[in-house]
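> Read in order, the letters of the sequence shown are residues 1 to 111 in the working numbering.
Backbone N, C-alpha and C fix where the C-beta goes; we use that ideal spot for every residue, glycine too.
Handing you this structure, nothing more for now.
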Amino acid sequence: AWHDFVRGSWQPACIRRGWGEGTGQAHGLDLVEPGSLPGVFREQIDSTILVEELLGPRELGVVVTVQRRLDRSGQELVFHRLPVNPEQPVDPALWAAAGQRLEDFRRDFDD
Numbered sequence: 001a002w003h004d005f006v007r008g009s010w011q012p013a014c015i016r017r018g019w020g021e022g023t024g025q026a027h028g029l030d031l032v033e034p035g036s037l038p039g040v041f042r043e044q045i046d047s048t049i050l051v052e053e054l055l056g057p058r059e060l061g062v063v064v065t066v067q068r069r070l071d072r073s074g075q076e077l078v079f080h081r082l083p084v085n086p087e088q089p090v091d092p093a094l095w096a097a098a099g100q101r102l103e104d105f106r107r108d109f110d111d
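Shown next as structure tokens:
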């Protein structure tokens, strides 16, 4: 589902599409004929994001997002906390601050 994705990248030189899930897992797919998929992919992800905030430095920070679910699961919002670069260690204090920020968002959206 689109609300499970929080980021995407497009590498036209090698015709590869990559994305990151809210679980922290990264995936990729080689495309033979990408057509309009890169633009549609970005539009679909953007349509679910209500809040996106970077905490810390761009290369080593943590992104917190609040996304609207597009299915009918009964849960309206999804809250994610993900490292910008999953292959680099995240400062534990920054990770905790991102968790607190998500709790703040939860309270704000519950009101």
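Kindly identify the DSSP beta-bridge partner or partners of Thr-65.
BP columns for Thr-65 point to Glu-52, His-80.
> Looking only at its own chain, which residues have a Cβ that is under 6 Å from the Cβ of Val-64, when we skip the five neighbours before and after it?
Glu-53, Arg-81, Ala-98, Arg-101, Leu-102
> Measuring CA to CA, which of Phe-109, Val-62, Phe-79 is closest to Glu-87?
Val-62
> How long is the line joining the alpha carbons of Val-84 and Val-66, rounded to whole angstroms?
16 Å
> Taking only heavy atoms of the ligand NAP into account, decide whether any of them is closer than 6 Å to the Cβ of Glu-76.
Judged by which ligands are present, the structure shown has none, so any question about the ligand NAP falls away.
> Should Val-90 be labelled buried (16 or more other beta-carbon atoms within 10 Å of its own) or exposed?
With 16 or more Cβ atoms within 10 Å of its Cβ, Val-90 is classed as buried.
> Over what stretch of residues does the alpha helix (DSSP H) that includes Gly-35 continue unbroken?
That residue, Gly-35, is in no alpha helix (DSSP H); it is neither H nor E in DSSP.
> Output yes or no for whether 7 Å exceeds the beta carbon distance between Phe-41 and Leu-77.
no
> Specify the secondary structure class of Asp-46 as computed by DSSP and reduced to three states.
Helix.
> Would a check of beta-carbon distances place Ala-97 closer than 7 Å to chain D?
Protein chain content of the structure displayed is limited to a single chain, and chain D is not contained in it.
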